[in-house]
Amino acid sequence: DQQVKQNSPSLSVQEGRISILNCDYTNSMFDYFLWYKKYPAEGPTFLISISSIKDKNEDGRFTVFLNKSAKHLSLHIVPSQPGDSAVYFCAASVVGGGGADGLTFGKGTHLIIQP
Amino acid sequence: KAGVTQTPRYLIKTRGQQVTLSCSPISGHRSVSWYQQTPGQGLQFLFEYFSETQRNKGNFPGRFSGRQFSNSRSEMNVSTLELGDSALYLCASSLGRGAYGYTFGSGTRLTVV
Chain U
1 DQQVKQNSPS LSVQEGRISI LNCDYTNSMF DYFLWYKKYP AEGPTFLISI
51 SSIKDKNEDG RFTVFLNKSA KHLSLHIVPS QPGDSAVYFC AASVVGGGGA
101 DGLTFGKGTH LIIQP
Chain S
1001 KAGVTQTPRY LIKTRGQQVT LSCSPISGHR SVSWYQQTPG QGLQFLFEYF
1051 SETQRNKGNF PGRFSGRQFS NSRSEMNVST LELGDSALYL CASSLGRGAY
1101 GYTFGSGTRL TVV
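In the order they appear, the protein sequences are chains U and S.
Under my numbering, the first sequence is numbered contiguously, ending at residue 115.
Under my numbering, the second sequence is numbered contiguously, ending at residue 1113.
Printed below as a string of structure tokens:
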């Protein structure tokens, strides 16, 4: 049973346009969400996170939106640049209560930025 | 500031053998977690250590084990290797417990033949 789902295995976007990566989750206990970027042969690199008490968090070109009622989050990258081409993982965790159960990851979306 | 260091980077083992992977966290980080990445299952949580104690364990058989030393360095061990254990094993460290600020290493690529 996949608790975090990224339904688009790949996404192609033109350079300069907006990239929107989507993620759905089923576990209502998740209260902290993160996006990671991964290049081949490297470990995931943290991009941006959001707590369940917020519905938006912005960091430069990256914005994460959280819709708790729909159990949906999205990552917006504006404008998209060639260096953004990578696999993006959505992750969720239960942090409240003083501990974490580890990160539950989606299977990733391969973002391809076309010149 | 040095990142998370995992050794070795690549490893080839035979079915039935055992293997030990090592992770040195960022200096000052006390929490170390391990993940397995495979093409079919994606990134899956193995276990988390904090102050030398295993705090949580993912859904993996008992062949997978780990430990953390007083200097926060961690090792994971896989016994009686199976072909399906071939994967990229990633270690992540953070200052404390919780999902905040996980930094991942580059991983150890294990191939079981």
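Beta carbons: idealized from backbone N, C-alpha and C, even for Gly.
Cα atoms of K5 (chain U) and G1084 (chain S): separation of roughly 23 Å, rounded to the nearest angstrom. Within the segment 1029-1059 of chain S, the residues whose Cβ lies closer than 7 Å to any Cβ of chain U are, in chain order, S1033, G1042, L1043, F1045, E1048, R1055, N1056 and G1058.
At least one CB of chain S lies nearer than 8 Å to the CB of L103 (chain U).
By the beta-carbon neighbour count (other beta carbons within 10 angstroms, threshold 16), F33 (chain U) is buried. Under DSSP, G1042 (chain S) forms a beta bridge with S:T1038.
When DSSP states are grouped into helix, strand and coil, G1105 (chain S) belongs to the coil group. Between F105 (chain U) and F89 (chain U), the C-beta gap is smaller than 8 Å, which places the two residues in contact.
Close partners of P44 (chain U) in chain S (Cβ separation under 7 Å): F1104. Counted as a single uninterrupted DSSP element, the beta strand (DSSP E) harbouring S1093 (chain S) occupies residues A1087 to S1094.
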